[in-house]
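As structure tokens, the structure follows; a few thoughts come after it.
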Amino acid sequence: MADKLGSILLKRTNLTKGALQLAYSVQDKTGGRLGEILIKQKAIKELELLQALADQFRMSVLPVLPAEFDTAFTKKLSISFLKKNLLVPVMTEDGSYVAMHDPFSFQALDDVRQHLKIPASPVVLSPQSEIIKTINSAYDMSLDNAEEVMQDIDEDDPDVLFSKIEEIGDLLDDTSHSPVIRLVNLMLSQAVRNNVSDIHIEPYQNSLKIRQRLDGILYDMFTPPKHVQSALTSRIKLMAKMDIAEKRLPQDGRIEIKVGNKDIDIRVSTLPTAFGERVVLRLLDKSTVRMSLTDLGMSHDRLALFSQIIKAPNGIVLVTGPTGSGKTTTLYAALMAINNVDINIITVEDPIEYRIPGIGQVQVNPKIDLTFASGLRSIVRQDPDVILIGEVRDFETAEIAIQSALTGHLVFSTLHTNDAASTITRLRDMGVESFLIASSVNAILAQRLVRIICEDCKEPYIPDPVELERIGISIDMLSNKQVYHGSGCENCHHTGYKGRSGIHEFMIVDDNIKNMILKTSDANELKKYAQAQGMLTLLQDGADKVLNGMTTIEEVYRVAQQ
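Going by our numbering, the first residue of the sequence shown is number 1252, and it counts up by one from there.
Shown next, in the form of structure tokens:
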């Protein structure tokens, strides 16, 4: 068989005889499949191997599987079985077949046919990633809907025996019959599918509301019956390894789950209220590719300037804005842009949101007196070139950060201020001397996140002149330009928006601004000078994005109004 496959590959692909002989020698020493060895050695591609196997076994190759199909098989076959054997039954209106990655999985194929009673179904070969994606999609779509689950809760005893709940590998593979567990699984899987950042479970006197934050805005998700509140909260607290019995004090916990091919890290916070514990879950997708600088939404000129600033040998670069404005994402993108084997990067964060290979990350833990300030003192003894401080919260942290910058380190950090210029005032209010600010701060980037108009329902319209004036757009600026908004569709959950991008205010602390800092802490004077030097304010950058058709007037005014 191996010789035949080898000869087919020589005929059908650019595989050389030398590469084939090398693969044979590896196979003789370590065993394994010839095709897998050749792919690992990058001698052939996966689709080339599948086509050769299809020729060998007289089968066909289907590179892309359909998005819509019958998911009835999920009730009879486990997701772990299908993923282990890399095959999936696909039943559509046009016909049924089994997609496989390995034509040698005869036993698994027979098991599928026997369970589903489809003995004569044809077989096709498909890429591994396509089969995994289809399996995940099938089990995700087959989850009960919220109405069915909550109807079961009404009929069920709310006092669930939580001690019997066990950890599961994949949320989509949980076959629990408990309505509360099914509701939690549904809530989490739907949130992951919709790229939700937060889930809020809010108790009121006679009701319970579950809301989700999508692109920075809260929307209603479910309204379960009030009597399920205790069981629902207990289930989440158990998953987060929190004290179920303690309902009088706030608690924090963490859940790590797998939903399909996504690894999700969930931070859980509970807060006792008059009508029961309020629960907030912050979802972080660890499998998501982290942003690069080009994904932040900066204009070409500003991006080039920012890229230059973050490569400075020393000094402080501050990113400012309210909670949820993407400060951490911007800093991670900056670190990834400069990260290489030549420099030592260490961070102190609260919490560590994403793990970055090649970077030392320290988690703040006030319980053992590991604060930003104490962690920072230890970090400077680790010979770092670049230091990231999650947030400058007090004078002590600010002082150590400035001393680090003055002794040859490049320091990144965040602050909660409204704009770039007021950051100087904030540092002064903390007690930092003006000459230290002037000599250490290189640049300040203020930012907000605006929602992007959904491309599927994007349409032009004629805005009210008063609306345009609110964000500084004149009628003359509209010449040869078109303003858009989203009408709402299924792809954007009828919001008219899908995804978010940044608007930025980037202030370079040049020699003139350094001199101004030594004389005054008036943010308005600093801002006027920076604007005279070409700095765009948040509102002006937002207006540019409106004129470029990226976002709406209402969205810019919502996040950038002064």
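Heads up, the beta-carbon is just placed ideally off N, CA and C, and yes, glycines get one too. As the structure is a prediction and not an experimental result, all values here were calculated from the model.
**Request:** Could you tell me if Val1592 is buried or exposed, where buried requires 16 or more neighbouring beta carbons within 10 angstroms of its beta carbon?
**Result:** Numbered from its first residue, the sequence shown carries residue 1592 at position 341. With fewer than 16 Cβ atoms within 10 Å of its Cβ, Val1592 is classed as exposed.
**Message:** Using C-beta distances below 8 Å, list every residue in its chain close to Asp1795, excluding the 5 sequence neighbours before and after it, in chain order.
**Reply:** As a first step, residue 1795 is located in the sequence shown; it is residue number 544 there, counting from the start. Correct list, in chain order: Ser1550, Leu1787.
**Prompt:** Between Lys1694 and Asp1715, what straight-line distance do the alpha-carbon atoms span, to the nearest angstrom?
**Reply:** Along the sequence shown, read from residue 1 onward, the residue named residue 1694 stands at position 443. Along the sequence shown, read from residue 1 onward, the residue named residue 1715 stands at position 464. The residue you asked about is not Lys; residue 1694 is Ala in the sequence shown. The alpha-carbon atoms of Ala1694 and Asp1715 are separated by roughly 37 Å.
**Asked** With 16 other CB atoms within 10 Å as the buried threshold, where does Gln1698 fall?
**Response** Here residue 1698 is taken as the residue at index 447 of the sequence shown, counted from 1. That one is buried.
**Prompt:** Hey, Ala1656 and Gly1572: beta-carbon distance below 8 Å or not?
**Reply:** For this step, residue 1656 is matched to residue 405 along the sequence shown. For this step, residue 1572 is matched to residue 321 along the sequence shown. Contact flag unset, no.
**Message:** Here's a check: name, in chain order, each residue in its chain whose Cβ is nearer than 7 Å to the Cβ of Met1758, leaving out the five neighbours to either side.
**Reply:** Within the sequence shown, numbered from 1, the residue matching residue 1758 stands at position 507. Result list for Met1758: Ala1671, Ala1672, Ala1694, Ile1695, Ala1781, Met1786, in chain order.
**Asked** What are the start and end residues of each continuous beta strand (DSSP E) run of 3 or more residues lying completely inside the stretch 1533–1609, in chain order?
**Response** 1566–1571, 1596–1600
**Prompt:** How about Ile1487 and Phe1473: do their beta carbons lie closer than 8 Å?
**Reply:** Within the sequence shown, residue 1487 is the residue found at index 236, counting from 1. Within the sequence shown, residue 1473 is the residue found at index 222, counting from 1. No.
**Message:** Assuming Pro1340 is part of the beta strand (DSSP E), what are its boundary residues?
**Reply:** Position 89 of the sequence shown holds residue 1340. Here the beta strand (DSSP E) through Pro1340 covers 1338–1343.
**Asked** Counting pairs of Cβ atoms below 8 Å between the stretch 1728–1735 and the stretch 1797–1804, do you hit three or more?
**Response** yes
**Prompt:** Where does the unbroken alpha helix (DSSP H) through Glu1706 begin, and where does it stop?
**Reply:** What you label residue 1706 is simply residue 455 of the sequence shown in a count that begins at 1. Note, Glu1706: premise wrong, no alpha helix (DSSP H); not H, not E.
**Message:** Assuming contact is defined by CB atoms lying nearer than 8 Å, are Gly1723 and Ile1754 in contact in what I supplied?
**Reply:** The residue you call residue 1723 lines up with position 472 of the sequence shown. The residue you call residue 1754 lines up with position 503 of the sequence shown. Going by C-beta atoms, Gly1723 is not nearer than 8 Å to Ile1754.
**Request:** Determine the DSSP secondary structure at Lys1765, reduced to helix, strand or coil.
**Result:** In the sequence shown, counting from the first residue as 1, residue 1765 sits at position 514. DSSP places Lys1765 in helix when its eight states are reduced to three.
**Prompt:** How long is the line joining the alpha carbons of Ile1804 and Glu1718, rounded to whole angstroms?
**Reply:** The sequence position of residue 1804 within the sequence shown is 553, counting from 1. The sequence position of residue 1718 within the sequence shown is 467, counting from 1. When rounded, the distance between both Cα atoms is 7 Å.
**Message:** Using a Cβ-Cβ cutoff of less than 7 Å, which residues in the same chain neighbour Ile1561 once the five nearest sequence positions on both sides are dropped?
**Reply:** Position 310 of the sequence shown holds residue 1561. Once the five neighbours on either side are set aside, the close Cβ partners of Ile1561 are Val1568, Ala1585, Ala1588, Ile1589.
**Item:** C-alpha distance - Ala1563 paired with Leu1777, whole-angstrom precision
**Value:** Within the sequence shown, the letter at position 312 stands for residue 1563. Within the sequence shown, the letter at position 526 stands for residue 1777. So the two alpha carbons sit approximately 23 Å from each other.
**Message:** Are the CB atoms of Leu1465 and Val1510 within a distance shorter than 8 Å?
**Reply:** Within the sequence shown, the letter at position 259 stands for residue 1510. Within the sequence shown, the letter at position 214 stands for residue 1465. In this structure, Leu1465 does not lie closer than 8 Å to Val1510 by Cβ.
**Asked** Just how far apart, CA to CA, sit Asp1279 and Gln1358?
**Response** In the sequence shown, counting from the first residue as 1, residue 1279 sits at position 28. In the sequence shown, counting from the first residue as 1, residue 1358 sits at position 107. Going by the C-alpha atoms only, they are around 26 Å apart.
**Asked** Near Gln1307, what residues of its chain come up, given a Cβ to Cβ distance below 7 Å and the 5 sequence neighbours on each side ignored?
**Response** Your numbering for residue 1307 matches position 56 in the sequence shown. Excluding residues within five positions, the ones whose Cβ falls inside 7 Å are Lys1255, Leu1256, Ile1259.
**Request:** Would you check if the stretch 1331–1349 and the stretch 1267–1275 touch, i.e. whether three or more CB-CB distances between them fall below 8 Å?
**Result:** no
**Option in Lys1578, Met1351, Glu1453 with minimal Cα separation from Ala1525** = Here residue 1525 refers to the residue found at position 274 when the sequence shown is read from its first residue. The shortest Cα separation from Ala1525 among Lys1578, Met1351, Glu1453 belongs to Glu1453.
**Request:** Report back the beta-carbon spacing between Val1821 and Asp1449 to the nearest angstrom; my notes put them in contact at under 8 Å.
**Result:** The shown model of the chain, from 1252 to 1813, leaves out residue 1821, and the question about it has no answer.
**Message:** I'd like the list of long-range same chain contacts for Ser1543, defined as Cβ closer than 8 Å, with 5 residues on each side in sequence excluded.
**Reply:** Counted from its first residue, the sequence shown places residue 1543 at position 292. Result list for Ser1543: Ala1584, Met1587, Ala1588, in chain order.
**Prompt:** Any idea if Gln1302 is buried or exposed, counting beta-carbon neighbours within 10 angstroms, 16 or more meaning buried?
**Reply:** Along the sequence shown, one-based indexing puts residue 1302 at 51. Counting Cβ neighbours within 10 Å, Gln1302 comes out buried, since at least 16 surround it.
**Prompt:** So Phe1663 and Leu1639 are in contact, right, with Cβ under 8 Å, and what is the actual spacing, rounded?
**Reply:** Residue 1663 sits at position 412 when you count from the first residue of the sequence shown. Residue 1639 sits at position 388 when you count from the first residue of the sequence shown. Phe1663 to Leu1639, Cβ: 5 Å. Contact.
**Request:** Jot down the residue ranges of each uninterrupted alpha helix (DSSP H) in the stretch 1458–1537, minimum 4 residues, whole runs only, in chain order.
**Result:** 1480–1490
**Asked** With a CB to CB cut of under 8 Å and the five nearest residues on each side skipped, what residues in its chain are close to Glu1756?
**Response** Here residue 1756 refers to the residue found at position 505 when the sequence shown is read from its first residue. Cβ within range, chain order: Asp1670, Ala1671, Leu1696, Ala1697, Gln1698, Met1786, Leu1787, Thr1788, Leu1789, Asp1792.
**Asked** By the 10 Å Cβ neighbour count, where 16 or more other Cβ atoms means buried, how is Ile1726 classified, buried or exposed?
**Response** For this step, residue 1726 is matched to residue 475 along the sequence shown. Ile1726 comes out exposed.
**Limits of the beta strand (DSSP E) - the one that Val1374 falls within** = In the sequence shown, counting from the first residue as 1, residue 1374 sits at position 123. Element bounds for Val1374: 1374–1376.
**Message:** Given this structure, state the Cα-to-Cα distance separating Ala1783 from Arg1679, to the nearest angstrom.
**Reply:** For the purposes of this step, residue 1783 is taken as the residue at position 532 of the sequence shown. For the purposes of this step, residue 1679 is taken as the residue at position 428 of the sequence shown. If you take the alpha carbons of Ala1783 and Arg1679, they lie about 24 Å apart.
**Identified DSSP bridge partners for Pro1314** = Reading the sequence shown from its first residue, position 63 is the one you call residue 1314. None, per the DSSP bridge assignment.
**Prompt:** So, using beta-carbon positions, are Ile1607 and Asp1636 closer together than 8 Å?
**Reply:** Counted from its first residue, the sequence shown places residue 1607 at position 356. Counted from its first residue, the sequence shown places residue 1636 at position 385. The answer is no: Cβ separation not under 8 Å.
**Request:** Report the three-state DSSP secondary structure of Ala1350 (helix, strand or coil).
**Result:** By 1-based counting over the sequence shown, the position of residue 1350 is 99. Correct three-state label for Ala1350: strand.
**Request:** Within its chain, find whatever has a CB closer than 6 Å to the CB of Gly1286; leave out the 5 residues flanking it on each side and keep chain order.
**Result:** Locating residue 1286 in the sequence shown gives position 35, counting from the first residue. Excluding sequence neighbours, Gly1286 sits near Leu1300.
**Message:** Quick check on this structure: which residue in Ile1653, His1744, Leu1500 has the alpha carbon closest to the alpha carbon of Asp1471?
**Reply:** Here residue 1471 is taken as the residue at index 220 of the sequence shown, counted from 1. Answer by Cα proximity: His1744.
**Asked** Are Ala1389 and Thr1325 close, meaning C-beta to C-beta below 8 Å?
**Response** Locating residue 1389 in the sequence shown gives position 138, where the first residue counts as 1. Locating residue 1325 in the sequence shown gives position 74, where the first residue counts as 1. Going by C-beta atoms, Ala1389 is nearer than 8 Å to Thr1325.
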